[in-house]
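Novice: For the sequence shown, our numbering assigns the number 577 to the initial residue and increments by one for each residue that follows.
No residue lacks a Cβ here, since even glycine has one placed at the ideal position from N, Cα and C.
Take this structure first; my questions come after.
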Amino acid sequence: MSTSYPSDLSDAEWECLQRYLPPQSRRGRPPIHFLRSIFDAIFYVLRTGCPWRYLPANFPPWQTVFYHFRRLRLKGTWTLLLRALHWAERERQGRHPDPSAASMDSQSVKTVEESSGICGYDAHKHIKGWKRHLLVDTLGIPISIYVTPADTHDTKGARGLLAGLKFFVPRLKKIWADAAYRGQELAECCQATGEWELEVVERPPGTRGFSVVPKR
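Next comes the structure, spelled out in C-alpha cells:
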C-alpha cells in the first residue's frame, strides 16, 4: 500500500496541471515511474523543505525527481503554471485576469546548515541566507518571484524580478514599493522595462515598528 502525504496532488489538481506539461516523448524505453508520483515528490520537497537526497523511499529516486524538476524549470513550465493559476484565481474572484497595479517587496530567510549553494548576510535584518523578491497584485497573488543571496540590495533584486515580465502583464501600469526601492535609476528601469510607474510609499515621519502604509 502506497503512503500518502498532505502535499500530494488531488485528482483535480493533477488534471489541471497536466494541461500545461510538455508532451512526453514516445521514443526510447517506457518510463519506469508514473509522472504523477514524480510531481508528488517535487511538492513534498517544496512543502517540507527537505533536501532532495532525503526524499522518503516510497517516492521515485531523488535523482529522477530532481531531473524532472530542473527540466521543467529550464523549459519555463513552472513559470507558465504560475501565470495560469494567477489568471484563473483573479477570474474566480471576479477580477480582470491581467492586473493593472502591483506591490513589490522582499523578505530575507534564514537557511539551515544543510542548505547548499551560495547564501549571503543581510546586515539590516541580521539574517544569513536567501532573499525572496516578490511582486504581488492587489489581491496578494504572486505575479513574479526572484531569489537571491540575502545580501543582494532590493533595487538590484527588483531588476531580476521584473526582467521579461511585460509580456505576461500587459495591463500593468503602476508598482508600489517601500523606501528600500528609492532612486531615480530603478524608476527609470521600470519605465524602460515595462512602461511602469514606480511609486515609493514611505512611512510617516517618526513611525517605529509595524504600521499600515497607504497603498500597500
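Return the CA-CA distance between V685 and T724, expressed in angstroms with no decimal places.
Specialist: Looking up residue 685 in the sequence shown gives position 109. Looking up residue 724 in the sequence shown gives position 148. One C-alpha to the other measures close to 10 Å.
Novice: Between L748 and A678, which are expected to be in contact by the criterion C-beta below 8 Å, what is the C-beta distance as a whole number of angstroms?
Specialist: Indexing the sequence shown from 1 puts residue 748 at position 172. Indexing the sequence shown from 1 puts residue 678 at position 102. Confirmed, about 6 Å.
Novice: What residue range does the alpha helix (DSSP H) around E667 cover?
Specialist: Taking the sequence shown and counting its residues from 1, one reaches residue 667 at position 91. Residues 653 to 668.
Novice: Could you tell me which whole alpha helix (DSSP H) segments of length 4 or greater appear in the stretch 736 to 781?
Specialist: As far as the stretch 736 to 781 is concerned, its whole alpha helix (DSSP H) runs of at least 4 residues are 760 to 770.
Novice: Do the CB positions of A755 and E778 come within less than 7 Å of each other?
Specialist: In the sequence shown, the residue the question calls residue 755 occupies position 179. In the sequence shown, the residue the question calls residue 778 occupies position 202. Yes, the pair counts as a contact, with Cβ atoms nearer than the cut-off.
Novice: Can you say whether G652 is buried or exposed, counting buried as having 16 or more other CB atoms within 10 angstroms of its CB?
Specialist: In the sequence shown, counting from the first residue as 1, residue 652 sits at position 76. Exposed, because fewer than 16 other Cβ atoms sit within 10 Å of the Cβ of G652.
Novice: What's the call for F743, buried or exposed, on a 16-neighbour Cβ count within 10 Å?
Specialist: Position 167 of the sequence shown, counted from the start, is the residue given in the question as residue 743. Exposed, since its Cβ has fewer than 16 Cβ neighbours within 10 Å.
Novice: Is there a Cβ of chain D sitting closer than 7 Å to that of D584, yes or no?
Specialist: The structure shown contains no chain D; it holds only a single protein chain.
Novice: Since L737 contacts L711 with CB under 8 Å, what's their CB separation in whole angstroms?
Specialist: Here residue 737 corresponds to residue number 161 of the sequence shown, with the count starting at 1. Here residue 711 corresponds to residue number 135 of the sequence shown, with the count starting at 1. Yes, they are in contact, since the Cβ atoms of L737 and L711 sit about 6 Å apart, within 8 Å.
Novice: In the DSSP assignment, find the beta strand (DSSP E) that holds R708 and state where it starts and stops.
Specialist: As a first step, residue 708 must be located in the sequence shown, where it is residue number 132. 703 to 713 is the extent of the beta strand (DSSP E) around R708.
Novice: Rank V621, R629, E591, L593 by C-alpha distance to the C-alpha of P582 and give the top, closest one.
Specialist: Within the sequence shown, the letter at position 6 stands for residue 582. The residue with the shortest Cα to Cα distance from P582 is V621.
Novice: Taking the C-alpha atoms as reference points, what is the distance between I717 and W663?
Specialist: Working through the sequence shown from its first residue, we reach residue 717 at position 141. Working through the sequence shown from its first residue, we reach residue 663 at position 87. Rounded to whole angstroms, I717 to W663 spans 10 Å at the Cα level.
Novice: Looking at S682: is its Cβ nearer than 7 Å to the Cβ of H709?
Specialist: Locating residue 682 in the sequence shown gives position 106, where the first residue counts as 1. Locating residue 709 in the sequence shown gives position 133, where the first residue counts as 1. Yes; because the gap between Cβ atoms is below 7 Å, this pair is in contact.
Novice: Go ahead and label D587 buried or exposed: buried means 16 or more other beta carbons lie within 10 angstroms of its beta carbon, across all protein chains shown.
Specialist: Residue 587 sits at position 11 when you count from the first residue of the sequence shown. Result: exposed.
Novice: Starting from the C-beta of W590, find all residues in its chain whose C-beta is less than 8 Å away, skip the five residues before and the five after it, and write them out in chain order.
Specialist: As a position in the sequence shown, residue 590 is number 14, starting the count at 1. Excluding residues within five positions, the ones whose Cβ falls inside 8 Å are R612, F615.
Novice: Classify P598: buried if its beta carbon has 16 or more other beta carbons within 10 angstroms, exposed otherwise.
Specialist: Residue 598 sits at position 22 when you count from the first residue of the sequence shown. It counts as exposed.
Novice: How big is the Cα-Cα spacing for T728 and L648?
Specialist: Here residue 728 corresponds to residue number 152 of the sequence shown, with the count starting at 1. Here residue 648 corresponds to residue number 72 of the sequence shown, with the count starting at 1. Whole-angstrom Cα-Cα distance: 26 Å.
Novice: Assuming A870 contacts M680 (C-beta within less than 8 Å), just tell me the rounded distance between them.
Specialist: With the chain running from 577 to 792 in the structure shown, residue 870 is simply not present.
Novice: List the endpoints of the continuous alpha helix (DSSP H) containing T624.
Specialist: Counted from its first residue, the sequence shown places residue 624 at position 48. 611 to 624 is the span of the alpha helix (DSSP H), which, as asked, contains T624.
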